[in-house]
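Student: In my numbering, the protein residues as written are -8 to 714.
Just so it is clear, CB atoms sit at the ideal spot from N, CA and C, and this is done for glycine as well.
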């Protein structure tokens, strides 16, 4: 007995370590939850001798997991109620309309449009509508082997409800886990940004371009994480009577936003900072400081996921002190931008060091919300130029084509063609192409390897493989889609083998149907609103200038009249980052468009690089806004001059008057001359940042002129159409 107790205690550290590693990855929890539910349903119902029930319940739970959204427990119950109604209607409709293929085809097309538009109302409705489409297609796939018409609606919906109840109970046991997970994702994304930014110290001008491009992509992930945090906080805020319990999470969110602004800020061109002799002793220290902040952000993210107390890196304390001592003991003082950068990094260091000490002192800030009613949001999508309406029509048309061809040509397991269309077709050509290639590749590998594996395992082994495939499918779903497709193919192979012993027989039709469904999706998106990325640039550039101008106005307003609840400032900053992200995604997605539609790829890259630099200088101005509450009249005049010029630039991007463009360029050049002559030490920060802001703006507008003087008639047409 004593040996057994000793063994148990020896195992505890190993179990604790494994638990910590498991919780550090949020994808593992979703994977484990879905696997547990589907595994239990499979084992119990197969043990009772009902293979059809087992697989159908498992598919229902799979649909429930795929359509789950982050929501407060009360919101989860509302979502579950909507799913029960939607899933039952979708499944019953398919079963009852099977004898009437024309009505079913028309209903499929119209219901797709309706569900996609309903999904555009909110994230909760998006999950329900996607699940409804998935359940309808699952019902089509199982109709031929279903014993009665009512069995699939009951079993598929029951599987989704069982998963929903387990997920709800798990959330009740740890009600704030969603908040902790989303905040953790934000801090982990910020950690990667800090790490990448450390490569700028030191760096050359040529190295900066690649690093800036990488930072732009990492910034997209960080801003998306911030938006998800805000949405989940709003969900909890609407459901909780006492919002004081949200105070620590609100505080962490505000700290994350502040750290993000500090991380994205730039005080001067990094090649100039790296080559300045006065900075040589501290450049290496700055690199280590940024790496230390990356470690701190990473640790805090993990502490939120694991529930363990955050331990501030002692190395970061040491590096901060070492850099301060280097500056103090050095005869040659570093340049002003470097001094301000170090002050900024010290503030970030202190924010992490005191992150768990100050939240009780903070008032609950307001968060950005969509003030429109559900009906107003739905109504706003009801015009042909809205992206959601276009996507609804694209998906509906692709569904109808897939349904008609598989019915007319009696394609074996043709329902998989429709399923492939749902999972491959995206709102733009570039996104569709990416999913298309991954879907075909994953299915091909899954079919070939699955057929080999299935020959070697017993019936019990197939059940185990099915359960393992469930876990790996969810684990890889958001990380590498092609790998997740391999495992869902294993799942399908085992499912059909268990139901009818025909798993291997259906693999060839599955591969053919996947290729055919992908081809339909490709043709539809290629010829119906392909949403070429280069066509977005003129309008997007105007939006970028507009939001950058609004961000600068918000910074100046905060300098003159600071307010504890800076909602307007945060909204302006977020909009500027969203516009920057949109520009980054246009550049990235353009690389997947056909060659003839990549004529502005180099311009898109330059705009991405330049605008992220501009946003960095604006962020630096924002970071120091609390120190700039008393500005000289000269600085105020120049700031207002810049705002006026930015407004003129935005108007020019709308009316396209090249004469006015020349005037704007002259104004920007004049501002730069004014700033270059200013020598006041107390105002050098403002002058330096404003000088860089005007310089980068001038370079952005120079790129915009490429649209106006484009030789390609198609580019000229796009530019004029944006007016």
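#1: Whole angstroms are fine: how far does the CA of residue 564 sit from the CA of residue 545?
#2: Assuming residue 209 contacts residue 183 (C-beta within less than 8 Å), just tell me the rounded distance between them.
#3: To the nearest whole angstrom, what separates the beta carbons of residue 74 and residue 122, a pair I think is in contact under 8 Å?
#4: Assuming residue 297 is part of the alpha helix (DSSP H), what are its boundary residues?
#5: Any idea what DSSP makes of residue 240, helix, strand or coil?
#6: Using a Cβ-Cβ cutoff of less than 6 Å, which residues in the same chain neighbour residue 691 once the five nearest sequence positions on both sides are dropped?
#7: Between residue 710 and residue 529, what straight-line distance do the alpha-carbon atoms span, to the nearest angstrom?
#8: Exposed or buried, what is residue 86 when buried is set at 16 or more other beta-carbons lying within 10 Å of its beta-carbon?
#9: Would you report the Cα separation of residue 517 and residue 430, rounded to the nearest angstrom?
#10: Leaving out five residues on either side along the sequence, give the residues of the same chain with a beta carbon under 7 Å from the beta carbon of residue 51.
#11: Could you tell me the alpha carbon to alpha carbon distance between residue 185 and residue 347, rounded to whole angstroms?
#12: Measuring CA to CA, which of 94, 126, 90 is closest to residue 53?
#13: Are the beta-carbon atoms belonging to residue 596 and residue 204 less than 8 Å from one another?
#14: Hey, residue 317 and residue 276 are a contact pair by Cβ (cut 8 Å); roughly how many whole angstroms apart?
#15: What are the start and end residues of each continuous alpha helix (DSSP H) run of 4 or more residues lying completely inside the segment 142 to 192, in chain order?
#16: Secondary structure at residue 122, three-state DSSP: helix, strand or coil?
#17: Name the residue from 512, 244, 534, 136 whose alpha carbon lies nearest to the alpha carbon of residue 428.
#18: Could you tell me whether the Cβ atoms of residue 274 and residue 193 are closer together than 8 Å?
#19: Would DSSP call residue 588 helix, strand or coil?
#20: Between residue 527 and the rest of its own chain, which residues show a CB-CB distance below 6 Å, the 5 nearest in sequence each way excluded?
#21: Which parts of the segment 458 to 497 are runs of the alpha helix (DSSP H), unbroken and 4 residues or longer, counting only runs that do not cross its ends?
#22: With three or more beta-carbon pairs closer than 8 Å as the criterion, would you say the segment 450 to 457 touches the segment 537 to 551?
#23: Determine the DSSP secondary structure at residue 403, reduced to helix, strand or coil.
#24: Helix or strand or just coil, what does DSSP make of residue 519?
#25: Look up residue 215 in the DSSP assignment and say whether it is helix, strand or coil.
#26: On the CB-based measure, 16 or more other CB atoms within 10 Å of its CB, does residue 144 come out buried or exposed?
#27: Quick check: what's the CA-CA separation for residue 38 versus residue 243?
#28: Which of the three DSSP states, helix, strand or coil, is assigned to residue 346?
#29: Helix or strand or just coil, what does DSSP make of residue 571?
#30: Distance check for residue 71 and residue 137, CA to CA, integer angstroms please.
#31: Would you report the Cα separation of residue 387 and residue 302, rounded to the nearest angstrom?
#32: Measure the alpha-carbon distance for residue 289 versus residue 580 and round it to whole angstroms.
#33: Among 491, 166, 523, 484, which one has its Cα closest to the Cα of residue 587?
#34: So, helix, strand or coil for residue 112, using DSSP?
#35: Assuming contact is defined by CB atoms lying nearer than 8 Å, are residue 162 and residue 224 in contact in what I supplied?
#36: Please indicate yes or no: does the CB of residue 440 lie closer than 7 Å to some heavy atom of the ligand MG?
Tutor: Checking against the coordinates, here is how it stands:
#1: In the chain shown, residue 545 corresponds to position 554, counting from 1. In the chain shown, residue 564 corresponds to position 573, counting from 1. Spanning the two alpha carbons is a distance of roughly 8 Å.
#2: Here residue 209 refers to the residue found at position 218 of the chain shown. Here residue 183 refers to the residue found at position 192 of the chain shown. Rounded, the Cβ-Cβ distance is 5 Å, consistent with contact.
#3: Within the chain shown, residue 74 is the residue found at index 83, counting from 1. Within the chain shown, residue 122 is the residue found at index 131, counting from 1. Their Cβ separation, rounded to whole angstroms, is 6 Å, which keeps residue 74 and residue 122 in contact under 8 Å.
#4: Reading the chain shown from its first residue, position 306 is the one you call residue 297. 271 to 297 is the span of the alpha helix (DSSP H), which, as asked, contains residue 297.
#5: Stepping through the chain shown from its first residue, residue 240 is reached at position 249. Residue state, collapsed to three classes: helix.
#6: The residue given as residue 691 occupies position 700 in the chain shown. 601.
#7: Locating residue 710 in the chain shown gives position 719, counting from the first residue. Locating residue 529 in the chain shown gives position 538, counting from the first residue. Its pLDDT being 46, under 50, residue 710 is placed unreliably by the model, and nothing is read from it.
#8: Taking the first residue of the chain shown as 1, we reach residue 86 at position 95. By the 10 Å Cβ count, residue 86 comes out buried.
#9: Mapped onto the chain shown, residue 517 falls at position 526. Mapped onto the chain shown, residue 430 falls at position 439. Between residue 517 and residue 430, the C-alpha separation is close to 18 Å.
#10: As a working mapping, residue 51 is identified with position 60 in the chain shown. The residues are 146, 147, 148, 149, 150, 151.
#11: Along the chain shown, read from residue 1 onward, the residue named residue 185 stands at position 194. Along the chain shown, read from residue 1 onward, the residue named residue 347 stands at position 356. Between residue 185 and residue 347, the C-alpha separation is close to 21 Å.
#12: Start at 1 with the first residue of the chain shown, and residue 53 comes out as number 62. Checked all of 94, 126, 90; the closest Cα to residue 53 is 126.
#13: Residue numbering aside, residue 596 sits at position 605 when the chain shown is read from its first letter. Residue numbering aside, residue 204 sits at position 213 when the chain shown is read from its first letter. In contact: residue 596 and residue 204 (Cβ atoms closer than 8 Å).
#14: To locate residue 317, count along the chain shown from 1; it is residue 326. To locate residue 276, count along the chain shown from 1; it is residue 285. Contact holds; Cβ gap of about 6 Å.
#15: 142 to 164, 168 to 188
#16: Residue mapping note: residue 122 aligns to position 131 of the chain shown, counting from 1. Residue 122 falls in the helix class under three-state DSSP.
#17: The sequence position of residue 428 within the chain shown is 437, counting from 1. Out of 512, 244, 534, 136, 512 has the C-alpha closest to the C-alpha of residue 428.
#18: What you label residue 274 is simply residue 283 of the chain shown in a count that begins at 1. What you label residue 193 is simply residue 202 of the chain shown in a count that begins at 1. Closer than 8 Å, so yes.
#19: Against the chain shown, residue 588 aligns to sequence position 597. Here residue 588 sits in helix by DSSP.
#20: For the purposes of this step, residue 527 is identified with residue 536 of the chain shown, where counting begins at 1. These residues qualify, in order along the chain: 577.
#21: 472 to 491
#22: no
#23: In the chain shown, counting from the first residue as 1, residue 403 sits at position 412. It is coil, neither helix nor strand.
#24: Residue numbering aside, residue 519 sits at position 528 when the chain shown is read from its first letter. In the structure shown, residue 519 sits in coil (DSSP, three-state: anything other than H, G, I, E or B).
#25: On the chain shown, residue 215 is found 224 positions in, with the first residue counted as 1. Residue state, collapsed to three classes: helix.
#26: Taking the first residue of the chain shown as position 1, residue 144 is located at position 153. Its Cβ being crowded by 16 or more others within 10 Å, residue 144 is buried.
#27: For the purposes of this step, residue 38 is identified with residue 47 of the chain shown, where counting begins at 1. For the purposes of this step, residue 243 is identified with residue 252 of the chain shown, where counting begins at 1. In a straight line, the C-alpha of residue 38 is about 48 Å away from that of residue 243.
#28: If you number the chain shown from 1, residue 346 lands on position 355. Correct three-state label for residue 346: coil.
#29: On the chain shown, residue 571 is found 580 positions in, with the first residue counted as 1. Correct three-state label for residue 571: helix.
#30: What you label residue 137 is simply residue 146 of the chain shown in a count that begins at 1. What you label residue 71 is simply residue 80 of the chain shown in a count that begins at 1. The alpha-carbon atoms of residue 137 and residue 71 are separated by roughly 25 Å.
#31: Residue numbering aside, residue 387 sits at position 396 when the chain shown is read from its first letter. Residue numbering aside, residue 302 sits at position 311 when the chain shown is read from its first letter. Those two C-alpha atoms are separated by around 52 Å.
#32: Within the chain shown, residue 289 is the residue found at index 298, counting from 1. Within the chain shown, residue 580 is the residue found at index 589, counting from 1. The alpha-carbon atoms of residue 289 and residue 580 are separated by roughly 29 Å.
#33: Here residue 587 is taken as the residue at index 596 of the chain shown, counted from 1. Nearest of 491, 166, 523, 484 to residue 587, Cα basis: 523.
#34: As a working mapping, residue 112 is identified with position 121 in the chain shown. Residue 112 falls in the coil class under three-state DSSP.
#35: Counting from 1 along the chain shown, the entry for residue 162 is found at position 171. Counting from 1 along the chain shown, the entry for residue 224 is found at position 233. Cβ distance not < 8 Å, so residue 162 and residue 224 don't count as in contact.
#36: Absent from the structure shown: the ligand MG. Ligands present: none.
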